[in-house]
Amino acid sequence: MQKTYKTGPHAGRQSQGMSTQTSADQRPVRFDTKIAVLLRDDLETWQRLNVTAFLVSGLGTQLPEVVGEPYIDADDTPYLPMFRQPVLVFEGGKEVLTAAHGRALQRGLPRAVFTADLFATGNDTDNRAAVRAVPTADLDLVGIAVYGPRNAVDKALKGARMHG
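The C-terminal residue of the sequence shown carries number 923 in our numbering, and the numbering is unbroken.
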């Protein structure tokens with residue numbers, strides 16, 4: 760299966776979905792910012808997918824600069840806009856996630872969190888209440904999403920590895 764991010768062993772390969780090349784000159788685009796998701800490495804596949812979807816939804820609602828223009832196909836059928844740049848997905852142990860969360864807070868990076876408690880809730884109100892009930896240092900994090908300057912995101916995610 761082809762990976763959708765543009766780093767690692769498939770760096771030269773382009774996906775049919777999200778391109779990192781400009782249409783004018785075909786040179787790779789290097790974004791000054793990075794969207795990254797860090798998942799705890801003991802999650803089941805369905806949990807990884809669910810957590811990733813929830814986390815990135817938070818970024819798009821609060822950071823309009825991460826969202827591109829709407830899509831339109833050749834038949835003029837409109838589609839919703841998506842992120843203007845790739846979302847890189849990383850994984851790490853509980854300690855890596857906790858440390859990355861602390862560094863993201865210290866750097867003031869926009870972030871979203873998903874805790875283990877959210878697997879037991881069924882709606883947004885209960886989700887927010889579950890996070891609100893736990894002090895920052897005690898959150899049982901299973902995933903975070905961060906956005907910001909590339910180097911700041913890289914430093915926040917130090918120790919994490921690309922999700923594979």
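Glycine included, every Cβ here is placed at the ideal spot set by N, Cα and C.
Model, not experiment: these values are computed from the prediction.
Taking Cβ to Cβ, would you say residue i is nearer than 8 Å to residue j?
i      : j      : result
Arg909 : Asp791 : yes
Val815 : Ala904 : yes
Leu868 : Val826 : no
Ala896 : Ala859 : no
Arg799 : Gly902 : yes
Ala863 : Asp876 : no
Gln844 : Ile794 : yes
Which residues mark the beginning and the end of the beta strand (DSSP E) in which residue i is found?
i      : result
Thr874 : 870-874
Arg799 : 792-799
Ala915 : No beta strand (DSSP E) contains Ala915, which is instead part of the alpha helix (DSSP H) from 909-915.
Round the Cβ separation of residue i and residue j to the nearest angstrom and send it over; I've been treating them as touching at under 8 Å.
i      : j      : result
Leu856 : Leu797 : 6 Å
Val872 : Thr811 : Between Thr811 and Val872 the Cβ distance is about 13 Å, and since that is not below 8 Å, they are no contact.
Check for me: the alpha helix (DSSP H) holding residue i runs from which residue to which?
i      : result
Glu854 : 853-865
Arg891 : 883-891
If you drop the 5 nearest sequence neighbours on each side, which residues of the same chain put their C-beta closer than 7 Å to that of residue i?
i      : result
Phe813 : Phe873
Asp899 : Thr874, Ala875, Asp876
Going along the chain, which residues of its own chain have a beta-carbon closer than 6 Å to the beta-carbon of residue i, five neighbours each way excluded?
i      : result
Glu854 : none
Pro894 : none
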